[in-house]
Amino acid sequence: MEEKKSNGMSRRDTIKALATLPVLGYFGYAYNANLLKIEEAKAQNYLERLKIDKIEVSEEKLSPPTGNSGNRIRFGVVGNGWRGEQLLKSLGYVHPDYVEDSSENGIPDKGMQKFLDQEDLNVEFAAVCDTFEVHTRRGVEISANDLRPFGKKRDPKPAKVFSSYKEMIASDDIDAIIIATADHTHAQIAIEAAKAGKHIYLEKPMTHSIEEAVELRKVIKDTGVVFQLGHQNRQQMSFKIANELYEKGVFGDVSMVQVYTNRNTVFGAWIRDDAFDHKLGNKDNINWEEFLGNVPLCEFDRKKYFSWQRYSEFGTSITGNDLSHQFECMNQVLKLGIPETVVALGGQYYYKHHGDMPDVFNAVFNYPERGLTMTYDGNLKNDAYRPSRILGSAGTVDVDRAILMYKDNHTDRYKDIILDPSDPFYYYAPDDDVDAISSATSQVYMKGGYGPTTIDGKTVEATLLHLKEWVDAIRGQGKPSCDIEAGFEEAVTFNLANLAYEHKKVVTWDKVNEKAIIG
2 MEEKKSNGMS RRDTIKALAT LPVLGYFGYA YNANLLKIEE AKAQNYLERL KIDKIEVSEE
62 KLSPPTGNSG NRIRFGVVGN GWRGEQLLKS LGYVHPDYVE DSSENGIPDK GMQKFLDQED
122 LNVEFAAVCD TFEVHTRRGV EISANDLRPF GKKRDPKPAK VFSSYKEMIA SDDIDAIIIA
182 TADHTHAQIA IEAAKAGKHI YLEKPMTHSI EEAVELRKVI KDTGVVFQLG HQNRQQMSFK
242 IANELYEKGV FGDVSMVQVY TNRNTVFGAW IRDDAFDHKL GNKDNINWEE FLGNVPLCEF
302 DRKKYFSWQR YSEFGTSITG NDLSHQFECM NQVLKLGIPE TVVALGGQYY YKHHGDMPDV
362 FNAVFNYPER GLTMTYDGNL KNDAYRPSRI LGSAGTVDVD RAILMYKDNH TDRYKDIILD
422 PSDPFYYYAP DDDVDAISSA TSQVYMKGGY GPTTIDGKTV EATLLHLKEW VDAIRGQGKP
482 SCDIEAGFEE AVTFNLANLA YEHKKVVTWD KVNEKAIIG
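Residue numbers (the working numbering): 2 to 520.
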């Protein structure tokens, strides 16, 4: 409900006025039009003093298209499940069913219009390989659909089907490869693809073990192929701004970082035997041996195939599924790197009929050289929303799609800024038409996750930007933001947590010899 107006200005009007400052933030409120001018002047003064009156990263421009008639990139997809199809959409390819379901009387809905309006990256979906025949067939159907962004039409050219990824990467008709398979095969496929000279976009998490991470990093460096790990949070404007604020010292000394997973559904616990088109799967249309990869041969198990995330021989647990995301976001903001020691506890208390993944998990990551710890709480039986939180000596910062910073009441840095403790000291959201006072409204913007982001005054899907960055780098323009070094830090960190949980001991990272020491 709109608050009572004073001299023609409501609280919402005040917030909108303050939001017109160079940064979407505010320092104090005034309900009188004259007082508002004073408060704006004070706010601007503090923005200047803190050197955040102009946030450089918020002025980023979309890089221009790099494709032309002579540099079209031919890519193959290994693993065309639900995530594979999401990646294909960002690359300009959708299934005919999507086109039909997203249009009425020839008029596209909002989602379809966004697809039509996105940049055409000038790439060719040339090959597909999946251990599930249903997914392989859908991949071919997607490739043959002639609808492209900006309504472009191209001659339908079905993707070539390969029965094995080994055959695909050996093909001279493929320039790059997208890997969206089960975790236990990530390193194996990526290493062989790099040795074959194929550029690589690898879905997270990077590897199934620390040893694989060490090997993959060496191969990527030796071969020089362009590598991008699929953490699209690298494109989120909120994390970019948070990093700039941190670098400028706005948070003060950071002593603790808190990240979370909260879910309370079977699907959210990665039990997906009957999700999507999985009911169609059986031992006759699934290449079980190809799926196993380096895992010792065992009898076909439908649960293990479709809910592989929950089994340690295939998946990387709640840490690889979700902590990897949360850590990567905070690593982007704070440049955390690999922790020195890790402890972890938890257990599989509820979902005992699927694998060995814990559904309650707690871990502490210690960075003594930085004077901070990071904590992770994973809970698959409660869906309370908790944004990532950074605790600094000058303020507490909640970061997701939006940013909320509350000043610390005992900091001298901002002692002359008088605020109610519940009022944000700084606020950013990817939409300037927001009532920053309303906690309910602000929480909606906080919960955006890794979807649309704002850049150059436009709303763009982060996955599209992440893939574009990779494609542009292949063409020699720019470089990947989630490269092999960032991936290495991600892979080592969550695998240290898995080892600490498995052995119920403190695990230490030996950075000289690049190995984990247990106990």
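Glycine residues also receive a C-beta, built at the ideal position from the N, C-alpha and C atoms.
{"Query": "Option in A270, L298, S423 with minimal Cα separation from Y350", "Result": "A270"}
{"Query": "Under the three-state DSSP convention, the category F76 falls into", "Result": "strand"}
{"Query": "Candidates S64, P109, K516, of which the one nearest E341 by Cα", "Result": "K516"}
{"Query": "Proximity winner among V267, A183, A403, V260, relative to F315 (alpha-carbon distances)", "Result": "A183"}
{"Query": "Close Cβ partners of T412 (< 8 Å) along its chain, the five nearest in sequence each way excluded", "Result": "G253, S394, A395, G396"}
{"Query": "Cβ shell of N69 (< 8 Å), same chain only, five flanking positions each side left out", "Result": "N123"}
{"Query": "The beta strand (DSSP E) enclosing F362, as first and last residue numbers", "Result": "361-368"}
{"Query": "For K199, the three-state DSSP class (helix, strand or coil)", "Result": "coil"}
{"Query": "Assigned secondary structure, P65 (DSSP; H/G/I helix, E/B strand, else coil)", "Result": "coil"}
{"Query": "Close Cβ partners of E245 (< 7 Å) along its chain, the five nearest in sequence each way excluded", "Result": "I56, E57, V58"}
{"Query": "For L420 and T186, the rounded distance between their alpha carbons", "Result": "52 Å"}
{"Query": "Nonlocal neighbours in the same chain, by C-beta distance under 7 Å from E142, ignoring five residues either side", "Result": "H96, P97"}
{"Query": "Sub-8 Å separation of I485 and R218 beta-carbons", "Result": "yes"}
{"Query": "Per-residue burial, G385 [other beta carbons within 10 Å of its own, 16 or more giving buried]", "Result": "It should be noted that the sequence gives Ala, not Gly, for residue 385. That one is exposed."}
{"Query": "Rounded separation between D436 and P453 - CA only", "Result": "Only weak support exists for where D436 lies, its pLDDT of 45 falling under 50; the coordinates are left without a value."}
{"Query": "Cα-Cα separation, M158 to E290", "Result": "Note on residue identity: the sequence assigns Lys, not Met, to residue 158. Roughly 30 Å between the two C-alpha positions."}
{"Query": "Whole beta strand (DSSP E) elements within the stretch 208-236, 3-residue minimum", "Result": "228-230"}
{"Query": "Unbroken alpha helix (DSSP H) run spanning A517, endpoints", "Result": "No alpha helix (DSSP H) holds A517; the beta strand (DSSP E) holding it covers 516-519."}
{"Query": "Residue-level contact to chain B via CB, K161, 8 Å cutoff", "Result": "Protein chain content of the structure displayed is limited to a single chain, and chain B is not contained in it."}
{"Query": "Nearest candidate by alpha-carbon position, reference T464, set Q189, M238, R75, H136", "Result": "M238"}
{"Query": "Same chain, Cβ closer than 7 Å to Q333, neighbours up to 5 away in sequence not counted", "Result": "N234, R235, F240, N244"}
{"Query": "Pairwise C-alpha distance: L373 and L22", "Result": "In this predicted model, L22 has a pLDDT of only 36, less than 50, meaning its place in the structure is not dependable; the value taken from the coordinates is given anyway. Looking at the two C-alpha atoms, the distance is approximately 33 Å."}
{"Query": "Minimum C-alpha distance to G82 - residue among L405, C299, S172, W309", "Result": "W309"}
{"Query": "Helix, strand or coil at Y30 according to DSSP, with G and I counted as helix", "Result": "Caution is warranted here: a pLDDT of 39 is assigned to Y30, below 50, making its placement in the model unreliable, and the coordinate value is therefore given only provisionally. Here Y30 sits in coil by DSSP."}
{"Query": "Straight-line Cα distance separating E125 from G520", "Result": "50 Å"}
{"Query": "Three-state secondary structure (DSSP) of N496", "Result": "helix"}
{"Query": "Endpoints, beta strand (DSSP E) assigned at V507", "Result": "No beta strand (DSSP E) holds V507; DSSP gives it neither H nor E."}
{"Query": "T460, buried or exposed, once every other Cβ within 10 Å from all chains shown has been counted against 16", "Result": "exposed"}
{"Query": "Exposed unless 16 or more other CB atoms sit within 10 angstroms - verdict on T266", "Result": "exposed"}
{"Query": "P65 versus K52: straight-line alpha-carbon distance, rounded", "Result": "29 Å"}
{"Query": "For Y350, three-class secondary structure by DSSP", "Result": "coil"}
{"Query": "N322 - DSSP class collapsed to helix/strand/coil", "Result": "helix"}
{"Query": "Ranges of the beta strand (DSSP E) found wholly within the stretch 235-274, counting only runs of at least 3", "Result": "255-263"}
{"Query": "Span separating the alpha-carbon of F495 from that of V78", "Result": "26 Å"}
{"Query": "Spatial distance of F268 from A276 (CA atoms)", "Result": "8 Å"}
{"Query": "Terminal residues of the alpha helix (DSSP H) in which I170 lies", "Result": "166-170"}
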